[in-house]
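Let me begin by presenting the structure, written as structure tokens, before commenting on it.
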Amino acid sequence: MSDSRRFLVTGGAGFIGSHLVTALLARGHEVVVLDDLSTGRRENLEMAVAEAVAAPIATSGDAGETVASDSSVGPLPDQLRFIKASLLEYDALEEAVIGVEAVFHQAAVPSVPRSFADPVATMRANVEGTIALLEACQKAGVRRIAMASSSSVYGDTPTLPKEESMPPSPMSPYALSKLTAEEAGGIFARTYGLDIFALRYFNVFGPRQDPASQYSAVIPKFITRMQSGEKPTIYGDGLQSRDFTFIDNVVYANLLAVGIDKSEADSDAMGRAGVDTDNRASGTCDVLNIGCGDRYTLLDLIKFLNEIMGTNSEPEHADARPGDVRHSHADIDRARDVIGYVPKIDFKDGLRRTTVFYTS
Ligand SMILES: NC(=O)c1ccc[n+]([C@@H]2O[C@H](COP(=O)([O-])OP(=O)(O)OC[C@H]3O[C@@H](n4cnc5c(N)ncnc54)[C@H](O)[C@@H]3O)[C@@H](O)[C@H]2O)c1
3 MSDSRRFLVT
13 GGAGFIGSHL
23 VTALLARGHE
33 VVVLDDLSTG
43 RRENLEMAVA
53 EAVAAPIATS
63 GDAGETVASD
73 SSVGPLPDQL
83 RFIKASLLEY
93 DALEEAVIGV
103 EAVFHQAAVP
113 SVPRSFADPV
123 ATMRANVEGT
133 IALLEACQKA
143 GVRRIAMASS
153 SSVYGDTPTL
163 PKEESMPPSP
173 MSPYALSKLT
183 AEEAGGIFAR
193 TYGLDIFALR
203 YFNVFGPRQD
213 PASQYSAVIP
223 KFITRMQSGE
233 KPTIYGDGLQ
243 SRDFTFIDNV
253 VYANLLAVGI
263 DKSEADSDAM
273 GRAGVDTDNR
283 ASGTCDVLNI
293 GCGDRYTLLD
303 LIKFLNEIMG
313 TNSEPEHADA
323 RPGDVRHSHA
333 DIDRARDVIG
343 YVPKIDFKDG
353 LRRTTVFYTS
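Under this note's numbering, the residues of the sequence shown are numbered 3 to 362, in order.
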């Protein structure tokens, strides 16, 4: 594979990371995944490979090449290397960044309630782990990094939609860890000339999100409960709202952020006016909201799911949870201006695609 480029996806066995793996493999690139499988699963990687093989994407540099000659899941293809290790194992990080053009940093303890259950583990993985990764990148000369941040850094301030210039107000150890990781990104970018984007994701959903754990995100949990005739549980009155963002939009933003050229990032989608991040000065950590720019309540969500699945579920209500924000809504103008991000799949279309995954 002559023109392939190598990328590291930390947390690549998780929900978002494994979709990035699909996108990169489908474009003919080599991928290194570092993941400790604490919440991720090897099956996610197998699904990522199978999807990339089933739908290779011809790109300008590598037209028509596919990721593997064998479409069976199971053994991973040569283009994908899996390192089962924690961000806190520095030797593994040093190995993972060798020959890498850019890093998609997704690995983290990813939930607000989990961060209250174990705040120290959250800070270690999300802050110490991020700093260790940044150090390994800097030493290996890897300059481009897209880091997963979170809308939770805004907290529960009343102004909507959230703009990146607003003062953060974290309400949980998780939000604090994400904000601190962004600040670490800024320090490493300015000090060593790294080129970093901290992408503040807003409530990402889609296939492969784990519906089973007590910390699961709301959409896969609701779909699986409603499908089996159980009531979905809403914490609070259900009028809290979210800017639900389908996974494809998040993948697209990541590809744009690391400078995978516009035509390549767009090659499975409608054409968009992209920005060549090669023209951007190095030494900055740009913070960008990645959402859809709309918001829906949890009661809206149940109504839409009832329509899509042909069910008639009523929610049951439980007490609101600590650290949950009331409303979340992204202003995405800056992401559009800086990297050319415009969401490709809207909420309802994303819900339909997600429902197909969980119900077929
Ligand atoms: N899903 C969302 O709605 C959402 C919203 C905002 C931000 N994020 C962020 O996006 C990223 C990906 O989240 P996700 O939803 O895919 O969660 P996920 O749990 O599916 O993925 C996280 C992955 O990181 C791995 N991991 C955790 N700690 C690790 C460590 N110390 N070393 C190596 N690997 C480790 C896990 O095994 C898992 O595969 C996270 O950084 C999360 O904070 C997610």
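The C-beta atom is built at its ideal place from N, Cα and C for all residues, glycine as well.
Q.
I'd like the span of the alpha helix (DSSP H) that includes residue 251, first residue to last.
A. 249 to 259
Q: Count the other C-beta atoms from every protein chain shown that fall within 10 angstroms of the C-beta of residue 314, then say buried if there are 16 or more, exposed otherwise.
A: Classification of residue 314: exposed, given that the 10 Å Cβ count is below 16.
**Q.** Proximity winner among 216, 208, 235, 85, relative to residue 222 (alpha-carbon distances)
**A.** 208
(Q) Let's see if you can read the secondary structure: which residues bound the beta strand (DSSP E) around residue 85? (A) 82 to 86
(Q) Can you tell me whether residue 304 is helix, strand or coil according to DSSP? (A) helix
(Q) Check for me: the beta strand (DSSP E) holding residue 111 runs from which residue to which? (A) Counting along the chain, residue 111 falls outside any beta strand (DSSP E), and DSSP gives it neither H nor E.
Q.
On a Cα-Cα basis, can you pick out the residue from 355, 82, 91 that is closest to residue 38?
A. 91
Q: Could you check what DSSP says for residue 207 in three-state terms: helix, strand or coil?
A: If DSSP states are grouped into helix, strand and coil, residue 207 belongs with the strands.
Q: Would you mind working out which of 299, 181, 15, 147 sits nearest residue 262, comparing C-alpha positions?
A: 147
Q: Please confirm whether any heavy atom of ligand 1 lies closer than 6 Å to the CB of residue 16.
A: yes
Q: Give the DSSP-derived three-state secondary structure of residue 164 in the structure shown.
A: strand
Q. For residue 75, does the three-state DSSP call read helix, strand or coil?
A. For residue 75, the pLDDT reaches just 42, beneath the cut-off of 50, and the residue's location in the model is therefore unreliable, although a value from the coordinates is still provided. Residue 75 falls in the coil class under three-state DSSP.
Q: Please report how far the alpha carbon of residue 194 lies from the alpha carbon of residue 142, in whole angstroms.
A: 12 Å
Q. So, helix, strand or coil for residue 353, using DSSP?
A. In this structure, DSSP gives residue 353 a helical state, which the three-state scheme calls helix.
Q: May I ask which residues mark the beginning and end of the beta strand (DSSP E) holding residue 245?
A: Element bounds for residue 245: n/a, residue is neither H nor E.
Q.
Measuring CB atoms only, is the stretch 26 to 35 touching the stretch 118 to 129, in the sense that at least three cross pairs come out at less than 8 Å?
A. no
Q: Return the CA-CA distance between residue 360 and residue 226, expressed in angstroms with no decimal places.
A: Going by the C-alpha atoms only, they are around 7 Å apart.
Q) Out of 196, 17, 44, which has the shortest C-alpha to C-alpha gap to residue 104? A) 196
Q) Does the Cβ of residue 242 lie closer than 6 Å to at least one heavy atom of ligand 1? A) no
Q) What three-state label does DSSP hand residue 35 in the structure shown? A) strand
Q: Grab me the residues of residue 273's own chain with a C-beta within less than 7 Å of its C-beta, minus the 5 sequence neighbours each way, in chain order.
A: Legend: pLDDT at residue 273 = 38, less than 50; position of this residue unreliable, value from coordinates given subsequently. Excluding residues within five positions, none has a Cβ falling inside 7 Å.
(Q) Under DSSP, the beta strand (DSSP E) around residue 332 begins and ends at which residues? (A) Following the DSSP letters along the chain, one finds residue 332 in no beta strand (DSSP E), marked with neither H nor E.
Q: State the Cα-Cα distance for the pair residue 161 and residue 243, rounded to the nearest angstrom.
A: 13 Å
Q. DSSP on residue 46, reduced to helix/strand/coil?
A. helix
Q.
Buried or exposed, going by whether 16 or more other CB atoms sit within 10 Å of the CB of residue 234?
A. buried
Q) Between the Cα of residue 177 and the Cα atoms of 131, 325, 45, which residue gives the shortest distance? A) 325
Q. What number of angstroms, rounded off, separates the C-alpha of residue 328 from the C-alpha of residue 54?
A. 38 Å
Q) Does at least one heavy atom of ligand 1 sit under 6 Å from the Cβ of residue 1? A) Outside the displayed range of the chain (3 to 362) lies residue 1, so it cannot be described from this structure.
Q. Run through DSSP, which three-state label would residue 289 get?
A. strand
Q | Element boundaries [alpha helix (DSSP H), containing residue 227] | A | 220 to 229
Q: Tell whether a beta-carbon distance below 7 Å holds between residue 98 and residue 181.
A: no
(Q) With DSSP as the reference, identify every bridge partner of residue 151, one or two as the case may be. (A) 202
**Q.** residue 111 to residue 41 span [Cα, whole Å]
**A.** 8 Å
**Q.** Nearest-angstrom Cβ-Cβ length linking residue 190 and residue 140, presumed shorter than 8 Å
**A.** Going by Cβ atoms, the distance from residue 190 to residue 140 rounds to 6 Å, so yes, they are a contact pair.
Q | Per-residue burial, residue 100 [other beta carbons within 10 Å of its own, 16 or more giving buried] | A | exposed
(Q) Considering only their Cβ atoms, is the gap separating residue 202 from residue 291 smaller than 7 Å? (A) Yes. Within cutoff.
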